[in-house]
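Quick note: to get the working numbering, add 150 to the position in the first sequence (first position is 1).
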Amino acid sequence: MNPKLLKPYDPKETEERIYKLWEESGFFNPDNLPGDRKNPFTIIMPPTNANGSLHAGHGLVMTIEDIMVRYKRMQGFKTLWLPGLDHAGFETQVVYEKQLEKEGRTRFGMEKNQLYKEILDFTLINSKNIISQIKKMGASCDWSRNKFTLDDDIIKTVYQTFEKLYRDGLAYRGNRIVSWCSKHQTSFSDLEIKDEERVEPYYYLQYGPFTISTSRPETKFGDKYITMHPDDKRYSQYKDGQKIELEWINGPITATVIKDSAVDMEFGTGVMTITPWHDPIDFGIAERHNLDKEQVIDEKGKLLKIAGEFVGLHINKARPLVVEKLKSKGLIVRVDEKYKHIVHTCYKCGTIIEPQIKDQWFIKMKPLAEKALEKIEKGEIIYIPEHYKKITVHWLENIMDWNISRQIVWGIPIPAWYHEPKCIPKPGRENEISKCKEIIVSIEKPICEFCDTDYMQDTDTFDTWFSSGQWPFATLGFSNSKDFKEFYPTDIMETAGEIIFFWVARMIMLGLYVTGKVPFKTVYLHGLVLDAKGQKMSKSKGNVIDPLLYTSKYGTDAFRIGMIVGNTPGTSLALAEDRIRGYKNFANKIWNIARFVLENSSHMSDMWENAIKNDLTAEFDELAKDVTFDMDNYRFHLAAEKIYHYIWHRFADEIIEESKKNEKIKPSLLYILKNSLKLLHPFMPFITEAIYQEMYPGGLLMIEEWPKIK
RNA sequence: GGGCGGCUAGCUCAUUUGGCUAGAGCGCGUCGUUGACGUCGACGAGGUAACAAGUUCGAGUCUUGUGCCGCCCACCA
């Protein structure tokens, strides 16, 4: 017997050796798998953000997906698990900015190319680290197909999609109000905004004959329209367009009455002034009535000239001063000191979102969402757990246009070109000069036919989710690659429930739009991994669990099965260290079972092993059937628990104990051990493979056939 | 304001279409093991399944309501 087996199980030595064995077999790559495998099984791994190291959530992703893939591989499918890394635009830039801060530097004022290059280097270093960590988790993914969101072919696909959207009128450049973070100096989509409840003073102000109310008096300088609902009888004496002279913050102004049904009659006094540049509702009213829009606050959050004496002040500093001035002019009617309301903040830094009007690229989402809804409602995509379907449908039904422009360096540049404002037409082309103003969407820099002026490329980059939203078909080489034809649509998208809108819903929409097919047939969503006390992990709380710490302490197999047992899809998991430790004992138990069985089976041949049929093997087959059923229904937590329970409390405690007294049982042990290893392999791949190597040198459990079910 | 989850043993959670004395891990108690066991085994304590009503031969599981806890969405200035 191999002396290794005589010692307790040593995960460190084993895991490295076994992973190498698998990798060198080439069987992570579906093209190398033995036998005639007609049916593909595909999972595209959610690309890991290349800005840090693996956290516990990644540990769960790698475990669940590896279980699915190993199971299907053993069942004879042509399995592809395609790994990848994400440049993670804004997220990564924020991480890098923090690093710059530590060095006393800042991205503002930095040469763009220099910053880009530095972040690229940063992600490349991280990527290497992350890949080695994913391997430590035992992930049997095809590294030969590994993708990065900034690979040339991915960017090419993203550009093609954008061009198609533009041609179809679904991507448009709009001068619209967007959510702006004055700290990060970029706009966001609606999903990156966090609502926060605050209690602040609320001011009722005298505005001519009206009383208006606001929590932000420092934004009101330019308010020169007074709006009310057209049906509001209280104000029926005022006509739309009527001018009213009144005294305002910085002196007398002429206000214009506007009637618009967006005004809520029930709220406050039923009248409000509008600040179209910095408020979405007000912007809507201004658009409908073709009103002036004036910027009051600049991109850094400071007041502009329109604020008069307050010019240059940051809005936070300006508020008390403006209130003071309003008070001295007698314009404050009353103050509600404890007004509870919702403010929008940057999800990253908590800075108040200051809406601004900007030229940005938007995607018209309604048409895309309708197609997605149709497919989802037809059941072409199965959600696990099911309630995520409802959540998705609800979101899709109320979808708004998607702002995909980001004012950051780290990302895929938007391939749109604009003409400089002034141009001199080429001789004979004077009549066509208006065509110069057209926006050109193209990868290559366009050359103007009509004049000699240069085109300038859009300085923004895409929202990172715009590129990752195309991940399933982009990674497979859309549109005419062999992989795309063979592996698309993919089978399962397994990811965190948290990013169902950010990523999953968008993949469905973009996948359908570009390829005409759903990108995956099943969505499996796991919950959050929390700390042992059930608290959300965060760096500031200092309760972040490093999965690699646990794998090195207890072995990867123990970590993996510890994350699975008792963890149902969609629900969050409190990761207690004791739990993992318990499964380390289990690993050792299996190791010892193997030692005992092998010590007592030296006289057995394979033929004999296969010939056995009795009550014990029949009982095992029943278990295998049960477990297979659970696997097919994504109940990995049940499957794992049943195998665990069988191996320890039936096989070891009873069958093996009995065999010490009853020689007749011994011939069954090898059968049970071998097939138990198969059932357990997706969950605990290292130890099962290591034992299998002792039993059948030269074989490979990873590609062994899953127990047949009658 | 709208929506979605959860409430089961001291802790963390299971319990597939309603059906045998509601289970596991950790923790706890007693006893025993050092020739498969970095331990393990045997036995045990511990639950009115948030609460109330209903449907049913039968409900942790279905319906309704109530109460907590959590999450998501939302242009009430």
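The beta carbon of each residue, even a glycine, is placed where N, CA and C say it ideally should be.
- Shown here, residue 421 sits in a strand according to DSSP, grouped into three states.
- The beta carbons of residue 774 and residue 859 sit closer together than 9 angstroms.
- Residue 709 and residue 740 have their C-alpha atoms some 15 angstroms from each other.
- Annotation: the continuous alpha helix (DSSP H) that includes residue 664 extends over 656–665.
- Taking the CA atoms as reference points, residue 366 sits about 11 angstroms from residue 428.
- 9 angstroms or more divides the Cβ of residue 290 from the Cβ of residue 330.
- Here the alpha carbons of residue 419 and residue 267 stand approximately 55 angstroms from one another.
- Per DSSP, the unbroken alpha helix (DSSP H) holding residue 746 starts and ends at 727–749.
- Apart from sequence neighbours up to five positions away, the residues of its chain that approach residue 483 with a beta-carbon distance below 6 angstroms are 354, 356 and 361, ordered along the chain.
- For residue 213, the closest alpha carbon among the candidates 334, 284 and 192 is that of 284.
- Counted as a single uninterrupted DSSP element, the beta strand (DSSP E) harbouring residue 325 occupies residues 321–331.
- For residue 802, there is no enclosing alpha helix (DSSP H), as DSSP marks it with neither H nor E.
- In the DSSP annotation of this structure, the continuous segment of the beta strand (DSSP E) that includes residue 356 starts and ends at 343–357.
- In the assembly as shown, residue 342 is a buried residue. Its beta-carbon has 16 or more other beta-carbons within 10 Å.
- Remark: C-beta atoms of residue 823 and residue 714 do not approach each other more closely than 9 angstroms.
- Its chain contains 714, 715, 716, 717 and 718 as the residues whose beta carbon lies nearer than 8 angstroms to that of residue 787, once the 5 sequence neighbours on both sides are disregarded; these appear in chain order.
- The three-state secondary structure of residue 234, taken from DSSP, is strand.
- For residue 292, the closest of 567, 625 and 486 by C-alpha to C-alpha distance is 625.
- In the DSSP annotation of this structure, residue 678 is not part of any alpha helix (DSSP H), being labelled neither H nor E.
- Collapsing the DSSP output to three states places residue 478 in a helix.
- Taking a cut-off of 8 angstroms for Cβ pairs, the region 433–446 and the region 394–404 do not touch, as fewer than three such pairs fall below it.
- Going by DSSP, residue 190 is part of the beta strand (DSSP E) stretching over 190–194.
- Taking the CA atoms as reference points, residue 658 sits about 47 angstroms from residue 486.
- Excluding residues up to 5 positions away in sequence, 583, 600 and 601 lie with their Cβ nearer than 7 angstroms to the Cβ of residue 575 in the same chain.
- Collapsing the DSSP output to three states places residue 399 in coil.
- Taken in chain order, the complete alpha helix (DSSP H) segments of 4 residues or longer contained in the region 602–663 are 614–618, 621–625 and 632–637.
- When secondary structure is reduced to three states using DSSP, residue 834 falls in the coil class, being assigned neither helix nor strand.
- Rounded to whole angstroms, the separation of the alpha carbons of residue 288 and residue 278 is 16 angstroms.
- Judged by DSSP secondary structure, residue 508 falls within the beta strand (DSSP E) whose first and last residues are 506–513.
- The continuous beta strand (DSSP E) containing residue 360 extends over residues 360–364.
- Straight-line spacing of the CA atoms in residue 318 and residue 614 works out to 22 angstroms.
- Boundaries of the beta strand (DSSP E) harbouring residue 338: 336–338, taken from the DSSP string.
- In this structure, DSSP gives residue 378 an extended state, which the three-state scheme calls strand.
- According to the DSSP secondary-structure assignment, residue 447 is paired through a beta bridge with 453.
- For residue 216, the closest C-alpha among the options 200, 196 and 202 is that of 196.
- In the three-state DSSP reduction, residue 496 falls in the strand class (E or B).
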